[in-house]
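Below: the structure, in structure tokens.
Protein chains: 4
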Amino acid sequence: MSRFSQPPDRVFQQLNASIGYDWRLGPYDVEQSRAHAKMLAAAGIITAADRDALLAGLERVEQELEDGDFPFAPEDEDIHMAIERRLTEISGPVGGRLHTARSRNDQVATDMAMFTRAHALTTLQRIQHVQSVLVQLADAHLDWPMPGYTHLQRAQPVYLSHHLLAYFWMFRRDARRFEFVLGGTTDLPLGAGALAGVNFDTDRGAVAAELGFERVAPNSIDAVSNRDFVLDYLSAAATCATHLSRLGAELVLWSSEEFGFVTLPDAWTSGSSIMPQKKNPDAAELLRAKAPRIVAHLGALHGVMHGLPLTYNKDMQEDKEHLFDTVDTLDVCLAAATGMIRGARFNVERMSAAASDDLIAATDVADHLVKQGVPFRACHGIVAGLVRVAVDSGRSLAQLTDAELAAASEQLDPAAFRELLSQSSWLESKVSVGGTALTRVREQLDAARSALALHAA
Amino acid sequence: MSRFSQPPDRVFQQLNASIGYDWRLGPYDVEQSRAHAKMLAAAGIITAADRDALLAGLERVEQELEDGDFPFAPEDEDIHMAIERRLTEISGPVGGRLHTARSRNDQVATDMAMFTRAHALTTLQRIQHVQSVLVQLADAHLDWPMPGYTHLQRAQPVYLSHHLLAYFWMFRRDARRFEFVLGGTTDLPLGAGALAGVNFDTDRGAVAAELGFERVAPNSIDAVSNRDFVLDYLSAAATCATHLSRLGAELVLWSSEEFGFVTLPDAWTSGSSIMPQKKNPDAAELLRAKAPRIVAHLGALHGVMHGLPLTYNKDMQEDKEHLFDTVDTLDVCLAAATGMIRGARFNVERMSAAASDDLIAATDVADHLVKQGVPFRACHGIVAGLVRVAVDSGRSLAQLTDAELAAASEQLDPAAFRELLSQSSWLESKVSVGGTALTRVREQLDAARSALALHAA
Amino acid sequence: MSRFSQPPDRVFQQLNASIGYDWRLGPYDVEQSRAHAKMLAAAGIITAADRDALLAGLERVEQELEDGDFPFAPEDEDIHMAIERRLTEISGPVGGRLHTARSRNDQVATDMAMFTRAHALTTLQRIQHVQSVLVQLADAHLDWPMPGYTHLQRAQPVYLSHHLLAYFWMFRRDARRFEFVLGGTTDLPLGAGALAGVNFDTDRGAVAAELGFERVAPNSIDAVSNRDFVLDYLSAAATCATHLSRLGAELVLWSSEEFGFVTLPDAWTSGSSIMPQKKNPDAAELLRAKAPRIVAHLGALHGVMHGLPLTYNKDMQEDKEHLFDTVDTLDVCLAAATGMIRGARFNVERMSAAASDDLIAATDVADHLVKQGVPFRACHGIVAGLVRVAVDSGRSLAQLTDAELAAASEQLDPAAFRELLSQSSWLESKVSVGGTALTRVREQLDAARSALALHAA
Amino acid sequence: MSRFSQPPDRVFQQLNASIGYDWRLGPYDVEQSRAHAKMLAAAGIITAADRDALLAGLERVEQELEDGDFPFAPEDEDIHMAIERRLTEISGPVGGRLHTARSRNDQVATDMAMFTRAHALTTLQRIQHVQSVLVQLADAHLDWPMPGYTHLQRAQPVYLSHHLLAYFWMFRRDARRFEFVLGGTTDLPLGAGALAGVNFDTDRGAVAAELGFERVAPNSIDAVSNRDFVLDYLSAAATCATHLSRLGAELVLWSSEEFGFVTLPDAWTSGSSIMPQKKNPDAAELLRAKAPRIVAHLGALHGVMHGLPLTYNKDMQEDKEHLFDTVDTLDVCLAAATGMIRGARFNVERMSAAASDDLIAATDVADHLVKQGVPFRACHGIVAGLVRVAVDSGRSLAQLTDAELAAASEQLDPAAFRELLSQSSWLESKVSVGGTALTRVREQLDAARSALALHAA
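Protein chains in written order, with the numbering used here: chain A, 8 to 464; chain B, 8 to 464; chain C, 8 to 464; chain D, 8 to 464.
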């Protein structure tokens with residue numbers, strides 16, 4: 008019997024039902040139910056025979072879910088109810104014993120923690136994959152010069168390897184963030200009951216051990232009110248997606264006719280419905296476009312949790328779609344980034360030509376003067392003046408006359424000045440640790456390989 | 008001389024200048040400049056005499072900043088330029104040597120990392136403070152019964168101590184998040200130069216050691232493009248603020264006449280301009296209201312970084328106001344939460360009365376039947392039927408007749424049923440680990456004290 | 008032939024394909040294609056025979072879409088390509104003539120504008136529906152007193168009708184917002200081509216007229232770059248959802264045992280998996296919970312459009328899922344709000360009792376003194392003092408002694424004071440326009456009915 | 008006397024006080040107080056002498072605010088209290104009569120509506136200004152060819168005037184949005200009292216008329232709970248800022264060495280602290296960077312209002328900083344956009360050269376075949392094949408041999424094909440309404456001028 012005298016309104020069912028998406032929790036729900044049944048029997052709350060019946064039923068449910076022939080029913084509001092209903096169809100009334108000493112509140116928190124942990128691990132593998140490809144690419148393009156940009160203006164030349172490795176370290180930090188996510192899923196909610204604990208002296212530690220949790224959540228109220236670990240995943244994903252959006256934006260830019268630094272593989276570009284000549288960097292654009300979506304999921308879940316009194320409120324059902332779409336979006340974005348950069352062809356001529364504009368050596372000229380004893384700020388002014396003369400007269404720095412150089416500064420030896428304006432020295436002079444000189448990039452590449460090996464181990 | 012022939016437009020200055028807020032980086036800028044000057048001298052890039060002159064000038068600058076009499080000039084665009092200008096006024100042309108082998112790009116990234124680290128540490132102390140007060144309050148209200156709520160409906164009774172400790176564990180996770188933030192500020196950006204490294208063989212390791220960084224950033228391009236640590240702080244703050252918003256919302260609710268669970272201290276409430284009787288929980292409302300602001304800062308910085316090509320872009324100047332306001336907002340919110348709950352007076356009568364509604368024992372009746380061997384799902388149905396009869400006839404469960412009980416289930420012994428409906432057993436029967444039974448709450452309180460001691464150590 | 012030598016990567020297809028959601032544009036795409044074909048023939052760009060063949064084919068496509076047996080193919084990347092492919096299967100090579108003088112860029116912008124307009128109209132109907140129910144409810148509960156709250160503290164009594172009508176006016180503003188959305192979909196994008204216009208002297212005005220647009224977009228570049236109307240819908244929806252969240256929050260609050268102001272219909276509430284007594288206001292909680300989701304969609308699309316160079320970029324494909332989910336979410340929320348409040352039973356005893364707490368009349372006492380000539384601010388102080396005496400001694404205002412009243416103010420006539428503290432006068436004295444006195448609420452109800460009639464006409 | 012026995016805690020004051028920003032409401036507060044005082048006297052609630060004393064006092068307050076010598080006091084929590092306090096200092100106890108028949112709740116809602124209206128008007132002027140400059144620029148660069156881009160790939164050539172006018176129409180829609188904002192500020196909140204109306208038969212209509220409101224808010228509860236008009240301003244500003252971010256992004260791109268389409272004025276660019284050659288487009292970058300900030304303000308206020316029970320809650324104090332910063336940010340951004348584009352120098356050679364890449368004419372070749380009777384889809388395939396041959400062999404389309412052309416399609420006449428590949432025809436053939444042919448751009452320019460004149464009138 009129910010305490011309700013009216014069936015749910017059709018619109019209410021539409022608003023309320025989560026089965027359309029929470030079916031994805033199915034495997035985790037079966038796994039936790041199996042552990043719960045074993046514990047109930049071990050604690051003497053159900054019999055061994057009941058346990059065996061439950062385990063057998065759960066095995067069949069699991070198989071049905073895996074095979075895609077689990078018979079969903081119209082009245083299944085969520086995956087937990089669907090599984091309990093199906094279990095009871097398979098195993099008989101004993102199915103009704105499974106929900107002893109637990110509630111949907113601790114059950115769903117447990118499923119969500121298990122889902123989050125599993126997908127954080129998958130994300131970590133995807134990140135490692137893109138990192139490996141970056142290391143290979145850096146190795147293959149070790150000494151290809153290109154302009155480094157600040158404010159999208161050519162600033163100083165760097166090697167392409169150095170630029171690519173910048174993304175390696177971004178992803179290294181992303182990995183650290185997903186490792187932190189794992190650390191937020193270590194406390195088992197199951198056994199917290201509806202909110203207050205349960206009327207049985209259960210062995211939560213045993214369940215935790217079986218399900219791979221490190222410990223049990225110490226406070227039952229918090230256990231069912233907590234979705235921090237979902238926020239953690241969303242936040243880590245948002246930063247990773249923001250990194251990917253920068254990579255996507257650079258690929259879009261570099262594959263423009265104006266830059267011409269990269270040719271994206273045909274397999275990662277599209278044509279136009281009307282313009283036959285077009286080869287559009289759709290994948291790179293979508294890489295750029297997905298970050299706001301994930302950031303929005305993060306903001307939305309914060310919004311949902313905002314101001315919610317303890318403990319469980321139905322609002323918290325909104326955690327699922329935000330997490331699921333984030334997991335899927337990030338997964339395909341990481342895979343796409345990996346595939347796309349692996350197939351990209353960089354254009355050494357265009358990059359080198361862009362890097363040989365001699366204005367890009369202005370800092371080096373200033374530092375040359377520093378080494379003659381002129382304070383840096385004064386050097387900066389001298390060279391800025393030379394740049395103005397050159398730009399106004401449409402010449403390169405190297406084309407300035409001895410007289411013009413002498414007028415700017417008596418410390419400026421014309422021969423040394425012109426010597427300096429030969430490209431390679433600009434790159435190789437950046438000898439500081441982490442700089443673009445080849446020896447430094449090689450050190451960095453070794454460090455990247457070590458970081459990757461350590462992590463993969 | 009400048010390479011520019013026109014002065015900046017007044018509107019451009021207004022848009023561009025950051026001095027109005029980045030003056031807060033002053034102390035960090037002086038500290039890093041001091042370390043940089045020492046390193047330049049040690050590496051033979053400047054002389055010992057120059058170093059001493061710079062250090063003396065920086066000391067005076069520091070003093071002026073501290074005393075609030077640093078003479079800002081109208082043309083100071085940002086704090087870095089202001090300090091260099093002032094230093095040169097004080098020390099003469101040698102001031103112009105300080106910017107050797109660094110750029111504003113690595114300089115500002117370093118200041119921001121130092122600022123973030125310093126404030127993450129302060130935030131950690133604030134969190135510990137509110138945790139201590141929660142432990143004291145839990146201790147003082149150990150066995151005060153109140154209703155636990157799900158869906159804001161009375162669900163099962165709990166002790167007030169248990170409810171308060173739920174917040175303890177939320178803040179414990181927040182602390183873990185700010186510890187993670189610290190771990191994101193360990194790599195020194197300084198020495199990355201504009202983006203490519205510098206033309207001098209500097210000793211970045213020495214600077215890192217002096218400024219408390221664990222290592223140097225391994226890639227100069229990444230070092231100046233990276234604001235992950237700011238995102239990390241904002242994300243940690245957003246979750247903490249969301250927790251505080253739940254606390255604020257509960258205090259608002261509990262101080263309503265309808266709940267009447269708490270009286271907030273006069274020192275944390277306001278009157279009305281028109282209604283003389285009003286005592287409004289303004290502080291609690293603002294605690295609730297601030298989370299969306301911090302979440303917005305987080306979303307905004309993601310938006311700024313979204314799709315930005317490497318390396319530094321002016322857009323990144325937007326990191327500051329979002330971080331500064333977040334730091335200030337979270338700081339005052341944590342302090343307010345601490346002060347407000349310390350002064351709150353809980354109303355034991357109102358809470359107990361609310362917790363003694365016998366419908367709240369329905370789960371216990373169901374579990375009682377479970378212990379007679381009835382499957383839980385069947386028990387749930389039996390009790391739901393009893394609830395419906397009681398509610399429809401305006402009686403409590405205890406007022407149901409023997410005949411009504413027998414009609415519901417033959418396993419239901421009327422005497423045991425009525426015995427069960429005496430309040431304290433409902434609380435003390437929640438014996439599972441993390442549950443609300445007093446022994447369990449005492450265990451939990453010990454765990455909380457240990458966690459706090461460990462952390463404080 | 009294609010200009011590509013490699014087929015799309017499987018992961019790229021997964022990232023790129025929009026057919027999984029943009030099938031919803033199908034009916035609009037057929038409608039615009041029909042208008043386009045007619046115009047092409049009228050302008051002499053295709054023959055009448057071609058037009059007839061296209062129209063016949065489109066009719067069949069439309070039927071298949073409607074019947075749900077449109078044969079989607081694995082290579083269908085989006086609904087536009089799917090329809091063109093299918094049309095060509097049905098009608099032969101003439102199908103290839105349909106894309107003359109248009110591009111996917113103007114085509115999709117047109118579909119989206121049509122979709123937005125159609126759904127804005129549906130939303131307007133839903134809003135009118137909930138407004139009608141509010142008017143009925145206000146009428147039925149015209150003179151039921153309840154406390155009005157500020158800061159969730161009882162402030163001044165109002166009639167339930169007055170409170171319910173507050174939502175009427177919120178929805179009135181929402182309607183105004185969706186009318187504005189309609190005004191943003193009046194300019195036909197079709198015919199802008201890829202971005203520059205087309206190589207044919209087409210009759211865009213005729214297409215606009217046939218499809219119900221008021222005029223043609225004046226700039227082809229803007230026409231394909233513009234998604235303002237989607238932002239407008241999302242923004243209108245966000246505000247409407249925020250209003251609904253306030254309604255949901257009040258229903259949750261009012262159906263708590265502590266408030267007890269409303270009993271929600273069984274058809275709009277759920278039970279608990281573990282606690283047999285529970286009747287949870289799930290629908291009201293979800294009404295509250297959905298606003299952050301819609302606000303997030305709005306923020307996400309702004310994020311996508313942020314910093315995009317003109318004209319069309321693939322990023323803009325992200326407009327669809329945000330719009331579609333918003334439309335669906337708002338639709339079910341408005342329907343749920345309507346159904347839920349129509350079935351709600353208000354509890355006149357609980358509301359009246361809460362409204363009769365005499366502290367709530369403090370403003371009236373102050374205003375009574377004002378009418379004796381005391382400045383309001385002084386009156387406020389006098390009454391605040393009386394409140395303090397009453398609260399400190401656990402009495403109502405009416406229980407204060409003559410001596411206590413005299414001590415507070417000599418203008419305070421005890422008889423008039425106690426007379427005033429009789430409930431009904433507190434309500435009926437709020438005689439200002441828009442106030443809670445019954446004559447004013449009746450005026451307001453008439454105004455609401457007029458606004459509704461005007462709009463429905 | 009106060010009903011409080013403790014003074015506010017220092018931290019509470021810090022959290023609670025709004026005087027640090029709401030001083031900006033000062034002029035509006037004085038203006039509404041003046042209208043309120045006149046109405047109180049006209050309605051016989053205060054005497055004419057009291058009114059005159061209040062008006063005299065308010066005039067002095069207004070002057071002090073304007074002159075910047077209003078004496079703020081440490082205990083001033085907000086501007087409303089500060090003004091009332093000061094008024095009472097100036098005018099004596101009569102100052103305490105001003106707050107008769109109003110509350111801070113309706114007072115602040117009124118100030119905010121007045122502030123919003125005033126700033127929406129200013130924003131409209133700023134928008135008109137940038138539109139005027141765009142019209143002038145379009146006129147001055149009417150026939151300058153440049154590539155139109157989709158996916159940041161060269162797509163079809165357009166005139167610079169046509170591209171610039173795209174922004175004109177975006178701003179036209181923004182203006183429409185701010186006009187809508189005005190329409191949301193037409194209902195006077197003042198006189199709603201705390202929430203229920205007031206105990207006096209006030210003449211709200213007279214106050215509305217004096218303050219420029221069209222009517223009085225019809226429901227007092229809604230009047231003090233409503234912040235829709237702030238959301239409306241924030242939403243309009245967010246879309247406008249997103250438009251500006253696209254303009255900023257294009258200016259950054261176009262001023263890169265690779266594009267070289269524009270030289271930004273020295274007055275709107277900055278140098279580098281280290282690289283003497285740099286001229287950075289800081290203003291354009293900040294134009295791009297500000298959109299996420301304003302979008303965040305919008306999201307934050309939605310978050311604050313989310314789930315708030317009626318009527319006024321202190322949370323709503325958060326409306327101010329979000330609005331004020333948005334107003335200021337948008338104001339400087341619109342001014343900066345206007346100044347920056349007015350001073351920009353476009354580079355006709357670079358743009359023309361980029362537009363003369365003959366691949367950009369591929370659509371025209373396809374349409375040429377359409378005119379020979381080949382279905383568009385087939386034409387697209389033929390030309391795509393030619394593009395592939397050209398690209399693979401490093402030739403332009405015009406360099407393909409007669410044999411290659413014949414192999415692709417027998418309808419392709421080599422002479423006509425090569426004739427077509429002369430640039431100007433590609434532009435002038437886009438003859439459809441709204442297209443880039445000069446006659447169409449001239450029509451558009453006229454339409455823009457009319458729209459502007461209409462609006463300015």
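Quick reminder that beta carbons are idealized off the backbone N, C-alpha and C, glycines included.
- DSSP places M153(C) inside the beta strand (DSSP E), whose first and last residues are P152 to T157.
- In this structure, the CA atom of G51(C) is about 13 Å from the CA atom of N206(C).
- For the C-beta of A24(B), not a single chain A residue is nearer than 8 Å; the gap to the nearest is close to 17 Å.
- According to DSSP, residue pairing for V237(C) in a beta bridge does not occur.
- For P164(B), the enclosing beta strand (DSSP E) has its first and last residue at Q160 to Y166.
- Per DSSP, I228(A) is one residue of the alpha helix (DSSP H) stretching across S227 to S232.
- When secondary structure is reduced to three states using DSSP, F331(B) falls in the helix class.
- Here N112(B) carries a helix assignment [DSSP, helix/strand/coil].
- By the neighbour-count criterion, in which a residue is buried when 16 or more other Cβ atoms sit within 10 angstroms of its Cβ, A56(D) is exposed.
- As DSSP reads the structure, N287(A) sits in a beta bridge with S277(A).
- For G380(A), the closest alpha carbon among the candidates V398(B), L305(B) and I53(B) is that of I53(B).
- Not one beta carbon of chain C lies nearer than 9 Å to the beta carbon of N354(A).
- For T270(B), DSSP records a beta bridge to R352(B).
- Leaving aside the five residues that flank M358(C) on each side, the residues in its chain whose CB is nearer than 8 Å to its CB run, in chain order, W151, P152, M153, P154, L167 and F268.
- According to DSSP, R222(C) shares a beta bridge with D194(C).
- At a cut-off of 4 residues, the continuous stretches assigned as alpha helix (DSSP H) that sit fully inside the stretch 86–140 of chain B are 86–98.
- Under the Cβ criterion of 9 Å, P152(C) is not counted among the residues facing chain B.
- Taking CB atoms only, A385(A) has no neighbour in chain D less than 9 Å away.
- By the rule that beta-carbons nearer than 9 Å mark a contact, D239(B) touches chain A.
- Distance between H304(D) and D338(B), taken at the CA atoms: about 20 Å.
- Here the alpha carbon of E73(C) sits roughly 15 Å from the alpha carbon of A63(C).
- Cβ proximity to chain D below 7 Å picks out P15, D16, V18, F19, Q21, L22 and N23 from the stretch 15–48 of chain B.
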